[in-house]
Structure formats: structure tokens, C-alpha cells
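Chemist: Numbering (this note's numbering), first residue to last: 1355 to 1702.
Don't be surprised by glycine CBs; every beta carbon is placed ideally from N, CA and C.
Keep in mind that this is a model prediction, so the values were computed, not measured.
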Amino acid sequence: MINKIKNAIKLLIQGKFDLFWFKLLRKLGVKDMVPPLPFTLLVEPVNYCNLRCPLCPTGSGRLNRKPELMSFDRFKYIIDQVRGYVNKMFLFNYGEPLLNDEVFKMAKYATDAGINVKMSTNAQLLDKQELCDGIIESKLKHLIISLDGLDQETLEQYRVGANYENEVNNIKMMMATKKKANSKLPKIELQFLVMKHNEHQKERMEEFAKELGVDIFAAKTIFLYDTPDMQLMAKKFLPNDQKFSRYEKDENDQFILKGKITNHCDQVLGVAAINVNGDVVPCCYDLFSQYIMGNVFETSLKKIWKGSRYNKLRNQINTNRGQNRMCSICPENRIEFINERKQLKNEA
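1) According to DSSP, MET1473 sits in a beta bridge with which residue or residues?
2) For the stretch 1509 to 1519 against the stretch 1555 to 1565, do three or more pairs of beta-carbon atoms, one drawn from each stretch, fall closer than 8 Å, so that the two count as touching?
3) Drop a sphere of 10 angstroms on the beta-carbon of MET1528, count the other beta-carbons inside from all chains shown, and report buried for 16 or more, exposed for fewer.
4) Cβ atoms of TRP1659 and ALA1627: under 8 Å apart, would you say?
5) For ASN1404, collect the residues of the same chain with a Cβ closer than 8 Å to its Cβ; drop the 5 residues on either side in sequence, then sort them by chain order.
6) Output needed for TYR1664: all residues of its chain with C-beta closer than 6 Å, excluding positions within five of it in sequence on either side, in chain order.
7) Let's test the definition: count the other Cβ atoms within 10 Å of the Cβ of LYS1696 and tell me whether it reaches 16, buried, or not, exposed.
8) By the DSSP assignment, the alpha helix (DSSP H) with MET1584 in it spans what residues?
9) Under 8 Å between the Cβ atoms of MET1460 and PHE1429?
10) Can you round the beta-carbon distance between LEU1566 and LEU1544 to whole angstroms, since I take them to be within the 8 Å contact cut?
11) By a C-beta neighbour count over all protein chains shown, 10 Å radius and 16 as the cutoff for buried, is HIS1554 buried or exposed?
12) Counting only beta-carbon atoms, is LYS1564 nearer than 8 Å to chain D?
13) For ASN1552, collect the residues of the same chain with a Cβ closer than 7 Å to its Cβ; drop the 5 residues on either side in sequence, then sort them by chain order.
14) Name the two residues that bound the continuous beta strand (DSSP E) containing ARG1437.
15) Rounded to whole angstroms, what is the Cα-Cα separation between PRO1389 and GLY1438?
16) Do LYS1472 and ILE1498 count as a contact pair if the criterion is CB distance below 8 Å?
17) Return the chain-ordered list of same chain residues with a C-beta closer than 8 Å to the C-beta of GLU1652, the five sequence neighbours on each side being excluded.
18) If you check the beta carbons only, do ASN1441 and LEU1396 fall under 8 Å apart?
19) Whose C-alpha, out of GLY1415, THR1394, PHE1393, is nearest the C-alpha of LEU1641?
20) Excluding the 5 residues flanking LEU1423 on each side, which residues of the same chain have their C-beta closer than 6 Å to its C-beta?
21) Across which residues does DSSP place TYR1601 in a beta bridge pair?
22) Check whether the Cβ atoms of ASN1674 and ASN1606 sit closer than 8 Å, and answer yes or no.
23) By DSSP, does PHE1458 sit in helix, in strand, or in coil?
24) To the nearest angstrom, how far is the alpha carbon of ALA1572 from that of PHE1444?
25) From ILE1576, LYS1657, GLN1670, GLU1602, pick the residue whose C-alpha is nearest to that of PRO1392; which is it?
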């Protein structure tokens, strides 16, 4: 066993990546080892949306980036750099993926490269049979569908611009398409953001998820970013059930993130996010691209990942993580409970 561990370390030093051994070494206490490339990527195919959710920087109009679509050729360029290293991809970030007509082509290309691809959608645009077929044909591993209410009035309090009846019909069409294709993939997860105005519907939403035939039901806590109206948004949207809140009140009656910040983060050791324009940022909590590590269309991801900016950030996180704005609002290594996920069907 000791010789196997030594060989694994040697391979990683040589730049030959083995995810199994990397994770094992991490569990054995080798915490700050950086692989040749991240093993998880967030790639943003589009950075605008068809809805106007008030807590989202995109939906609220606060995202300080030019609206763009990523082309398939640019996406392919990224995948060709990470083939053999990355094993998981989130094909979404701050935008609705279905607004990019090439997103299924992207998902299939990544899947064919051996990457497990996950996508999240509000499903408002999933209203054509060809789109449902496209999801099946893309070999997508996991599809998250957001549904935060059991009626129009509840849904649109947060998903501004959404149509409840249309979304439910779209979900049913997606489930029927999957059944007709006799496909086990994608795993379909119905995600319910728990908020003050809808928390009374959580149990009924789980039952509805079972009726729809989805694979997973998730009740998720909401995230508040540090804007001038954060306290106002907290009072309006945070649920009364403290279990489903990442926040608590301090001695000044102000909402703050629960827990204490620690000087460690696994994200900067194995995860990277690529914005629609190619900018590489440490994770999804860098909402306003304040920590750009480089641009993947100008410099290889391997050079960026091992570059001085990333190493400086890693050192900062290990010494004083709280000085970084994105880290100060992040629940990573701070809050144990982020969501409640229930498997409604047996794993394939």
C-alpha cells in the first residue's frame, strides 16, 4: 500500500493525473496538493437569462459583465485542453443554458471526452420536443430543474417571468421523452429553493416530484450576496425554518452567514470556473469576476492553474481566507447543511 501511495505521488508530480489516487491521498492528509489541472470545471455557456430572480446577480441586473454566448468552437477548445483530467463539469453558471442553441452539442462533446456533465435550467424554454430529444441525445449525466412553487402565485414571487403551467408541462414532456427513449440518463433532479413565501409547500413539492417521476428531489437553502439591500432581501426571502437557512442574526439584529470561516478551501485545489468570455475565476462565488486568474483563450488552463495568481490566492486562503470577498460570503467548510437531497428512484 505504501509503495502504491508513493507511486501515486510520483505520477502526480510528473503531471500524470489519477483521480482515485488523488482523492485517496487527500483523505490520508495530503491536503494542499494541487493536481496538474482541476478535476471539476464550471463552464458558462451563456451569462444572461429569461427570468428576473431578485437574488441572482443576473436576474437582478447586477452582473457586471457583457451579455454573451459561448460558441461551440470555443467550448471545444476548452475541452481539448482538459481531456483526461477533468471528470466532472457543471455546464451552467450565471445564465440559462437553454438560451445557447449549441449547449447540447457542447454537452455531448464533453461527455464523449469522458466527462460527467451536469446542467441546471428553469425549464421555461424546454417547450419543444426537439429540445427534450436533444437532452437525451447529448448524453447529459444530470439535469437539475428549478421549481419553487406549486402554483403561479408562489412561483413568480421569486422566479419573476416564469409560467407555472408551462413549466410543469415541459417537465412532463421531458419525463415522457426519457421514458420513451428507455434511457436512464440524465438523472433528473427537481430543485426547490426554500424561502419564506414557499416553505409551507416543501413537503407537498416532494410528493409532486414523485408524481412527476423525477429521480431526485432537493430542498435547497438560498444564497444572499453582499449588496446594499442584503438585509432587506434576507427579511423578505429567508425562511422561518432555521434548518433551511445559511444565515443567523448577530447581536445587532443583522443577518450574517452561520459558522466560522476557516483557512482552507478544497475548491482552489480541484475546481475552476470559466466564464463565457474565457476568464478563469476560482469558483461560482466570485460573482463579479474580482479574482480573474487568466483567460483560457489567451493562456492555457494548465499555465493559469499552476500560475502565480492562483498560487498567491491559495496562499492567501491558507493564511487569511476571510480577506477575500468571495470567501467571506461562501459557506464552503463553514456550513454543513446546504440542501436536503432525496433519491426518489434507485440508482442505475
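Modeler: On the basis of the coordinates in this document:
1) Position 119 of the sequence shown holds residue 1473. Looking at the DSSP assignment, MET1473 forms a beta bridge with LEU1497.
2) no
3) The residue labelled residue 1528 in the question sits at position 174 within the sequence shown. By the neighbour-count rule (16 or more Cβ atoms within 10 Å), MET1528 is buried.
4) Taking the sequence shown and counting its residues from 1, the one referred to as residue 1627 is at position 273. Taking the sequence shown and counting its residues from 1, the one referred to as residue 1659 is at position 305. Cβ atoms of ALA1627 and TRP1659: not closer than 8 Å.
5) Residue 1404 sits at position 50 when you count from the first residue of the sequence shown. GLU1450, LEU1453, ASN1476, GLN1478, LEU1479, GLY1515, listed in sequence order.
6) If you number the sequence shown from 1, residue 1664 lands on position 310. For TYR1664, where only same-chain residues beyond five positions count, the Cβ hits under 6 Å are MET1647.
7) By one-based count along the sequence shown, residue 1696 stands at place 342. Exposed, by the Cβ-count rule.
8) In the sequence shown, residue 1584 corresponds to position 230, counting from 1. Its alpha helix (DSSP H) spans residues 1584 to 1591.
9) Translated into the one-based positions of the sequence shown, residue 1460 becomes position 106. Translated into the one-based positions of the sequence shown, residue 1429 becomes position 75. Yes, the Cβ-Cβ distance between MET1460 and PHE1429 is below 8 Å.
10) Here residue 1566 is taken as the residue at index 212 of the sequence shown, counted from 1. Here residue 1544 is taken as the residue at index 190 of the sequence shown, counted from 1. Contact flag correct, Cβ pair sits at about 7 Å.
11) On the sequence shown, position 200 is the one that residue 1554 refers to. It counts as exposed.
12) Here there is only one protein chain, and chain D is not present.
13) Here residue 1552 is taken as the residue at index 198 of the sequence shown, counted from 1. Same-chain partners within the cutoff: ASP1502, GLY1503, THR1508.
14) Within the sequence shown, the letter at position 83 stands for residue 1437. Unbroken run through ARG1437: none, as it is neither H nor E.
15) Here residue 1389 corresponds to residue number 35 of the sequence shown, with the count starting at 1. Here residue 1438 corresponds to residue number 84 of the sequence shown, with the count starting at 1. In a straight line, the C-alpha of PRO1389 is about 12 Å away from that of GLY1438.
16) As a working mapping, residue 1498 is identified with position 144 in the sequence shown. As a working mapping, residue 1472 is identified with position 118 in the sequence shown. Against a cut-off of 8 Å, the Cβ pair of LYS1472 and ILE1498 comes out as a contact.
17) The residue you call residue 1652 lines up with position 298 of the sequence shown. If we look at GLU1652 and ignore the five residues flanking it on each side, its Cβ neighbours are GLY1632.
18) Here the question's residue 1441 lines up with position 87 in the sequence shown. Here the question's residue 1396 lines up with position 42 in the sequence shown. No; because the gap between Cβ atoms is not below 8 Å, this pair is not in contact.
19) For the purposes of this step, residue 1641 is taken as residue 287 along the sequence shown, with counting starting at 1. The shortest Cα separation from LEU1641 among GLY1415, THR1394, PHE1393 belongs to GLY1415.
20) The residue you call residue 1423 lines up with position 69 of the sequence shown. Correct list, in chain order: VAL1400, ASN1454.
21) Stepping through the sequence shown from its first residue, residue 1601 is reached at position 247. In DSSP, TYR1601 forms a bridge with LEU1611.
22) Stepping through the sequence shown from its first residue, residue 1674 is reached at position 320. Stepping through the sequence shown from its first residue, residue 1606 is reached at position 252. Taking 8 Å as the Cβ cut-off, ASN1674 and ASN1606 do not qualify as a contacting pair.
23) The residue given as residue 1458 occupies position 104 in the sequence shown. Helix.
24) By one-based count along the sequence shown, residue 1572 stands at place 218. By one-based count along the sequence shown, residue 1444 stands at place 90. So the alpha carbons of these two residues sit roughly 17 Å apart.
25) The residue given as residue 1392 occupies position 38 in the sequence shown. Taking the Cα of PRO1392 as reference, the smallest distance to any Cα among ILE1576, LYS1657, GLN1670, GLU1602 is reached at LYS1657.
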